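Worksheet: one structure, shown below.
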Amino acid sequence: MKAMFDLQHPFFRQVWRRVAVVAICFAWAGVELASGAQIWAALFAAAGAWCVYQFFVVWTDPEDPEDQP
Numbered sequence: 655m656k657a658m659f660d661l662q663h664p665f666f667r668q669v670w671r672r673v674a675v676v677a678i679c680f681a682w683a684g685v686e687l688a689s690g691a692q693i694w695a696a697l698f699a700a701a702g703a704w705c706v707y708q709f710f711v712v713w714t715d716p717e718d719p720e721d722q723p
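Under the numbering used here, the sequence shown has 656 at position 2, and the numbering climbs by one with no breaks.
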């Protein structure tokens with residue numbers, strides 16, 4: 655189950671992919687909010703916030719041995 659939610663995956667090594675995922679989460683939260691679905695908007699905004707935290711605050715490059723704890 656942990657692998658399904660692993661945001662430190664090598665797929666996300668390129669910055670544009672991380673930015674795209676964050677932008678899509680927040681954009682979809684806006685769509686949901688505009689359509690009146692506040693719960694879904696909050697869910698997608700929370701997912702976007704979690705992605706910002708994982709991708710830009712605690713990100714360690716999975717293929718860079720110096721970044722490993």
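Every residue gets a Cβ at the ideal spot worked out from N, C-alpha and C, and that includes glycine. For clarity, every value in this text was computed on a predicted model and none was experimentally measured.
(request) Please state whether DSSP places W713 in a helix, a strand or coil. (result) coil
(request) Look at the alpha carbon of H663 and the alpha carbon of L687, and state the distance between them as a whole number of angstroms. (result) 30 Å
(request) Could you check if G684 is buried or exposed, using at least 16 other CB atoms within 10 Å of its CB as the buried criterion? (result) exposed
(message) Taking the alpha helix (DSSP H) that G690 belongs to, which residues open and close that run?
(response) Here G690 belongs to no alpha helix (DSSP H), and DSSP marks it neither H nor E.
(request) Go through its chain and collect everything with a Cβ distance to Y707's Cβ below 6 Å, but skip five positions before and after it. (result) none
(request) Assign Q662 to one of three DSSP states: helix, strand, or coil. (result) coil
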